[in-house]
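Student: In our numbering, the protein residues as written are 1050 to 1170.
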């Protein structure tokens, strides 16, 4: 059920894969839909970064691109073209987000760190 609810979102919902290498192969083979979906993916991420920079009132130290897309230099370069005027774009390949979140929760549970609460002003 979880896979059905969240596993086939984004690019996978349109192309049947979330692997940008596969998407690039599709594009190289002339798949116009794959090209359009990839361009929309880049554009949407750039818009989201811009929106978040407004929420941060322009006080952005860096824009971090991580996860699977960070392995695609063409994608990260395209996102950076849209956003590098906001802050430096740093690319950190890898999918370590869930590990980092779990380690943070464990530090709180072990009393090594205090839980943070974020509230709107």
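Yeah, the Cβ is synthetic: ideal placement off N, Cα and C, and Gly gets one too. Just so you know, these numbers come straight off a predicted model, no measurement behind them.
Give me, in chain order, the residues of the same chain whose beta-carbon lies closer than 6 Å to that of residue 1164; leave out the 5 immediate sequence neighbours on both sides.
Tutor: So the qualifying residues of the chain are 1157.
Student: Taking 8 Å as the limit between beta carbons, can you name the residues of its chain near residue 1091, skipping five residues before and five after?
Tutor: 1124, 1127, 1128 and 1131
Student: Since residue 1109 is in the alpha helix (DSSP H), which residue starts that stretch and which ends it?
Tutor: Residue 1109 -> no alpha helix (DSSP H), and no H or E assigned at all.
Student: Enumerate in chain order the residues of its own chain whose CB-to-CB distance from residue 1162 is below 6 Å, with the five nearest sequence positions on each side excluded.
Tutor: 1156
Student: Do the CB positions of residue 1096 and residue 1072 come within less than 8 Å of each other?
Tutor: no
Student: I'd like the ranges of any alpha helix (DSSP H) spanning at least 4 consecutive residues and lying wholly in the stretch 1129 to 1169.
Tutor: 1146 to 1158
Student: The alpha helix (DSSP H) that contains residue 1078, what's its start and end?
Tutor: No alpha helix (DSSP H) holds residue 1078; DSSP gives it neither H nor E.
Student: Answer yes or no: do residue 1098 and residue 1148 have a C-beta to C-beta separation smaller than 8 Å?
Tutor: No, Cβ-Cβ distance for residue 1098 and residue 1148 is not below 8 Å.
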